[in-house]
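Novice: Using the numbering used here, the first residue of the sequence shown is number 102, and each one after it goes up by one. Using N, Cα and C, we set each Cβ at its ideal position, and we do this for glycine too. Remember, predicted model here, so these are calculated numbers, not experimental data. Take a look at the following structure, please.
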Amino acid sequence: MVELKNRIAKLKMFINGEWKDSENKETRPVINPANGEVISHAPEGTIADARAAIYAARKAFDEGVWSGLPAQERASYLFKIADKIDEYADELTHLETMDNGKTLREAGFDVGDAAACFRYYAGLITKPDGYTYHVADPVQAMVVREPVGVCGLIVPWNYPLLMSVWKIAPSLAAGNTIVFKPSEVTPVTPKKLFEIFEEVGLPKGVANMVMGAGPVVGNEIASHPEVDMVSFTGGTKTGKHIMKTAADTMKKVSLELGGKSPNIIFADADFETAVDYALFGIYAGAGQVCSAGSRILVEETIYDQFVARFAERAKQIKVGPGNDPSTEMGPLVSKEHLDKVLRYIELGKQEGATIACGGNRIVSGGLDKGYFVEPTVFVDVKQEMRIVQEEIFGPVVVIQKFKDEKEAIKLANGTVYGLAGGVFTNDGAKGLRVIKKLRSGITWVNSYHPTYNEAPWGGYKQSGIGRSLGTFGLEEFQEIKQININLQVEPIGWFSN
Ligand code: NAD
């Protein structure tokens, strides 16, 4: 562990194939949320640093050092990256826990998924794509897919490695060059990923990483005319800002944003399965998951029984440092975020909701220096309350009551978000009927949360635009070109002379 700490004591950015400090040498401390310790210092990137990365990516793209490679060669780099992620899995897992706070178990899954995601896109990029068309003229019409160009990739702190990979793997597979910005809160595993890129010998300028503040580095990426696309994952408010900023240069925009996702439990569901998944839906990742099932809607005939059992189980969740193998739920990512979640808990009380369990910061048992919050349940909530409408992004759930299918759907769709949703029932037709009415991009029946590299991920309404993962996730990073080849080469004769 000491060796690991020494290795990350001072981070650097990766620009044009070289490790760099910030141009003005400023740094920002990186904190372990389980104990408040400074574990690293990251460069505080500037506009000049962002521009250097953008120019490097532009040059690499225009010279075709990456897009000009046969797809098979690009794929072979991606396969090597996946192998290296596996090789460093233990290190990456521990670093993720140290930086983000998530449990080793959670971090381990993320690392495995990250390797699988690179392999998925390495395989996909060599598969057939494009179309041909039977048009009216003696013309062979077809469509080919091409890289967009320089892609700006901006990610949040809740899955520091995996959210990076969801963008980097498809964008590189498609032949783009990238300027990537990790969250200023969690730059550690992204830095390790870029070490891997160096190790496998990605050509200079293809993958660039600039650390630093969103309004500085992120804003420069979103506004710079030499960036062709911005792909962003983060809060809805930031996403709106990025969309407006990117509009001036008409960039392609892809946005994966926040959620307040409903998890609907019907009385005919398998009761213990529903309780179990509902707990997983909200408390995995300490609720810091975009798709978290943060609104549980329960049919009125089983409501009291459900709340009692759910609260009983929630109280038993073992909260602690992520690196303790017995821990089931880690801390929140930062002091700032802890304060935000605690403010929401206070707000819920002021709005008149009742706490069925939890509701406090945990300071006993040696956890006082970390950012731990009890698994919290609010009942007696009304649809218009802010704790029902707004994304809290912590271990806080509201449990609402509904009387029939129609009311469940109305409540479920009654926020500005539309990211995810679940339905628990033993009636197959009802399950599908309700899912089809949900205005959400990712849904589950008798399950909650599993995510697959093969299937598209993204939201309706204010939860975003576009999709990650699967073939849709690759297409985000591609332009479509129409090609028409005249098969009868002779003058058209449109004008008389
Ligand atoms: P955030 O919006 O504060 O920050 C995300 C990234 O944007 C960070 O890298 C940040 O530095 C950058 N940023 C901030 N201001 C910027 C600006 N003005 N211009 C450009 N970049 C800027 O989000 P967060 O707090 O890091 O992450 C939590 C949010 O992410 C939650 O809302 C969660 O739902 C969302 N999220 C969504 C998905 C999804 O797939 N839909 C996945 C993970 C997280």
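For the ligand NAD, is there any heavy atom lying closer than 7 Å to the beta carbon of residue 168?
Specialist: Residue mapping note: residue 168 aligns to position 67 of the sequence shown, counting from 1. Checking every heavy atom of the ligand NAD against the Cβ of residue 168, none is found closer than 7 Å.
Novice: Please tell me whether residue 146 and residue 102 are closer than 8 Å, where the distance is taken between their beta carbons.
Specialist: Here the question's residue 146 lines up with position 45 in the sequence shown. Here the question's residue 102 lines up with position 1 in the sequence shown. Not in contact: residue 146 and residue 102 (Cβ atoms no closer than 8 Å).
Novice: So the beta strand (DSSP E) residue 364 belongs to, where does it begin and stop?
Specialist: The residue you call residue 364 lines up with position 263 of the sequence shown. Here the beta strand (DSSP E) through residue 364 covers 363-366.
Novice: What does the alpha-carbon distance come out to for the pair residue 222 and residue 214?
Specialist: Taking the sequence shown and counting its residues from 1, the one referred to as residue 222 is at position 121. Taking the sequence shown and counting its residues from 1, the one referred to as residue 214 is at position 113. So the two alpha carbons sit approximately 12 Å from each other.
Novice: Taking the alpha helix (DSSP H) that residue 201 falls in, what are its first and last residues?
Specialist: Walking along the sequence shown from the start, residue 201 turns up at place 100. From DSSP, the alpha helix (DSSP H) with residue 201 extends over 190-201.
Novice: Does the ligand NAD have even one heavy atom less than 7 Å from the beta-carbon of residue 269?
Specialist: The residue labelled residue 269 in the question sits at position 168 within the sequence shown. Outside the cutoff, so no.
Novice: When you measure from the CB of residue 571 to every non-hydrogen atom of the ligand NAD, does any distance come out below 7 Å?
Specialist: Within the sequence shown, residue 571 is the residue found at index 470, counting from 1. It does not: the Cβ of residue 571 is nowhere closer than 7 Å to a heavy atom of the ligand NAD.
Novice: Measure the Cβ-Cβ separation of residue 332 and residue 521 and say whether it is below 8 Å.
Specialist: Numbered from 1 along the sequence shown, position 231 holds the residue referred to as residue 332. Numbered from 1 along the sequence shown, position 420 holds the residue referred to as residue 521. No, these two residues do not count as a Cβ contact at 8 Å.
Novice: My parser needs the alpha helix (DSSP H) runs of 4 or more residues fully inside the segment 444-506; what are they?
Specialist: List check, alpha helix (DSSP H) in window: 487-490.
Novice: Thinking C-alpha only, which one of 468, 156, 189 is nearest residue 433?
Specialist: Residue mapping note: residue 433 aligns to position 332 of the sequence shown, counting from 1. Nearest of 468, 156, 189 to residue 433, Cα basis: 468.
Novice: Examine the ligand NAD and report whether any of its heavy atoms sits within less than 7 Å of the Cβ of residue 315.
Specialist: Start at 1 with the first residue of the sequence shown, and residue 315 comes out as number 214. The answer is yes for residue 315.
Novice: Can at least three beta-carbon pairs, one atom from the segment 306-314 and one from the segment 528-538, be found at a separation below 8 Å?
Specialist: With the cut-off at 8 Å, the segment 306-314 and the segment 528-538 do not touch.
Novice: On the DSSP letters alone, give me the boundaries of the alpha helix (DSSP H) that residue 344 sits inside.
Specialist: To locate residue 344, count along the sequence shown from 1; it is residue 243. Its alpha helix (DSSP H) spans residues 337-348.
Novice: Closest by CA to residue 318, which one among 537, 152, 252, 449?
Specialist: Numbered from 1 along the sequence shown, position 217 holds the residue referred to as residue 318. For residue 318, the nearest C-alpha among the options comes from 152.
Novice: From 232, 362, 203, 210, pick the residue whose C-alpha is nearest to that of residue 553; which is it?
Specialist: On the sequence shown, residue 553 is found 452 positions in, with the first residue counted as 1. Per the Cα distances, 210.
Novice: Determine the extent of the beta strand (DSSP E) in which residue 233 is found, giving its start and end residues.
Specialist: In the sequence shown, the residue the question calls residue 233 occupies position 132. From DSSP, the beta strand (DSSP E) with residue 233 extends over 232-234.
Novice: Who are the near neighbours of residue 470 in its chain, counting only those whose CB is closer than 6 Å to its CB and skipping five residues on each side?
Specialist: The sequence position of residue 470 within the sequence shown is 369, counting from 1. Taken in chain order, the residues that qualify are 136, 137.
Novice: Helix, strand or coil for residue 142? Go by DSSP, reduced to three states.
Specialist: The sequence position of residue 142 within the sequence shown is 41, counting from 1. It is a strand residue.
Novice: Would you report the Cα separation of residue 477 and residue 251, rounded to the nearest angstrom?
Specialist: What you label residue 477 is simply residue 376 of the sequence shown in a count that begins at 1. What you label residue 251 is simply residue 150 of the sequence shown in a count that begins at 1. Spanning the two alpha carbons is a distance of roughly 43 Å.
Novice: Pick out whichever of 363, 170, 160 has its Cα sitting closest to the Cα of residue 484.
Specialist: In the sequence shown, residue 484 corresponds to position 383, counting from 1. For the residues 363, 170, 160, the minimum Cα distance to residue 484 belongs to 363.
Novice: Starting from residue 252, trace the beta strand (DSSP E) in both directions and tell me its first and last residue.
Specialist: Position 151 of the sequence shown, counted from the start, is the residue given in the question as residue 252. Segment 251-255, the beta strand (DSSP E) holding residue 252.
Novice: On a Cα-Cα basis, can you pick out the residue from 254, 176, 296 that is closest to residue 188?
Specialist: Along the sequence shown, read from residue 1 onward, the residue named residue 188 stands at position 87. Here the closest residue by C-alpha is 296.
Novice: Could you give the distance in angstroms between the alpha-carbon of residue 405 and the alpha-carbon of residue 457?
Specialist: The residue given as residue 405 occupies position 304 in the sequence shown. The residue given as residue 457 occupies position 356 in the sequence shown. The alpha-carbon atoms of residue 405 and residue 457 are separated by roughly 11 Å.
Novice: Quick check: residue 563 and residue 398, are their CB atoms within less than 8 Å of each other?
Specialist: Your numbering for residue 563 matches position 462 in the sequence shown. Your numbering for residue 398 matches position 297 in the sequence shown. Cβ distance not < 8 Å, so residue 563 and residue 398 don't count as in contact.
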